[in-house]
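Residue numbers (the numbering used here): 1 to 200.
The following block contains the structure:
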């Protein structure tokens with residue numbers, strides 16, 4: 001009996017040139033395979049003019065490996081890495097909007113912020129906005145706490161992640177360039193034999 005292959009969360013890091021239309025082509029690779037993207041973030045990278053996509057999917061390693069290979073076939077894609085959650089350092093940012101009068105009346109705001117590592121970013125008469133960063137489970141806990149006090153609005157950012165055991169793409173790019181010097185000019189064996197080669 002075959003062992004069941006477990007699906008788990010994978011973080012796919014894609015280094016690309018910054019080209020118009022690339023995002024839609026990357027999305028098509030996932031949609032053709034009927035893969036749901038849990039989170040997608042794009043930002044500048046440590047290398048000038050190179051962008052970095054951070055894509056989170058819940059799949060088997062075999063499927064993720066095939067997707068990574070497919071992504072690398074795109075002309076503008078320079079390198080693709082995939083990692084399990086324990087191999088990366090990652091965070092998400094969340095914002096919570098709650099009525100100021102209710103939260104001030106029923107909750108010790110200072111204790112709330114301290115316990116959940118949150119901070120108030122906007123305080124108005126009608127509402128207060130809190131900000132928290134962390135893993136999804138951590139930011140979800142604050143939703144549960146604020147829900148009884150009339151959570152008006154909630155939004156969470158896509159994941160940002162750094163690979164733990166990585167020198168960074170910049171150093172890999174430098175090594176790649178140093179290992180691939182330009183081809184030496186080859187002598188043309190026919191250069192000085194024009195009359196002999198081209199005579200009828």
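Glycine included, each C-beta is placed from N, C-alpha and C at the ideal position.
This structure is a prediction, so every number in the text was calculated from the model and none was measured.
According to DSSP, what are the bridge partners of residue i?
i	result
residue 119	131
residue 30	Beta-bridge pairing links residue 30 to no other residue.
residue 80	14
residue 8	59
residue 148	Answer is none; residue 148 lacks a bridge partner.
residue 89	162
Determine, using beta carbons only, whether residue i and residue j come nearer to each other than 8 Å.
i	j	result
residue 55	residue 107	no
residue 57	residue 164	no
residue 83	residue 158	no
residue 93	residue 16	no
Using a Cβ-Cβ cut-off of 7 Å (strictly less than) and excluding sequence neighbours within five positions of residue i, which residues of its own chain qualify?
i	result
residue 18	49, 51
residue 91	133, 134, 160
residue 29	67, 70, 71
residue 25	74
residue 146	96, 98
residue 136	92
Measuring straight from C-alpha to C-alpha, what distance separates residue i and residue j?
i	j	result
residue 32	residue 67	11 Å
residue 72	residue 6	25 Å
residue 1	residue 61	Legend: pLDDT at residue 1 = 48, less than 50; position of this residue unreliable, no value from coordinates given.
residue 38	residue 45	21 Å
residue 95	residue 36	24 Å
residue 127	residue 104	10 Å
residue 154	residue 130	10 Å
residue 63	residue 162	22 Å
residue 229	residue 143	What the structure shows of the chain is the stretch from 1 to 200, and residue 229 is not part of that stretch, so it cannot be assessed.
residue 111	residue 122	17 Å
residue 76	residue 120	41 Å
residue 86	residue 156	21 Å
residue 9	residue 59	6 Å
residue 149	residue 109	12 Å
residue 21	residue 27	10 Å
residue 166	residue 23	25 Å
residue 53	residue 102	40 Å
residue 43	residue 11	15 Å
residue 34	residue 65	15 Å
Excluding the 5 residues flanking residue i on each side, which residues of the same chain have their C-beta closer than 8 Å to its C-beta?
i	result
residue 117	132, 133, 134, 138
residue 141	116
residue 124	100
residue 113	119, 120, 130
Whose C-beta lies closer than 6 Å to the C-beta of residue i among residues of the same chain, with five residues either side of it excluded?
i	result
residue 81	13
Would you verify that the beta carbon of residue i is, or is not, closer than 8 Å to some beta carbon of chain B?
i	result
residue 14	This model lacks chain B altogether; it includes just one protein chain.
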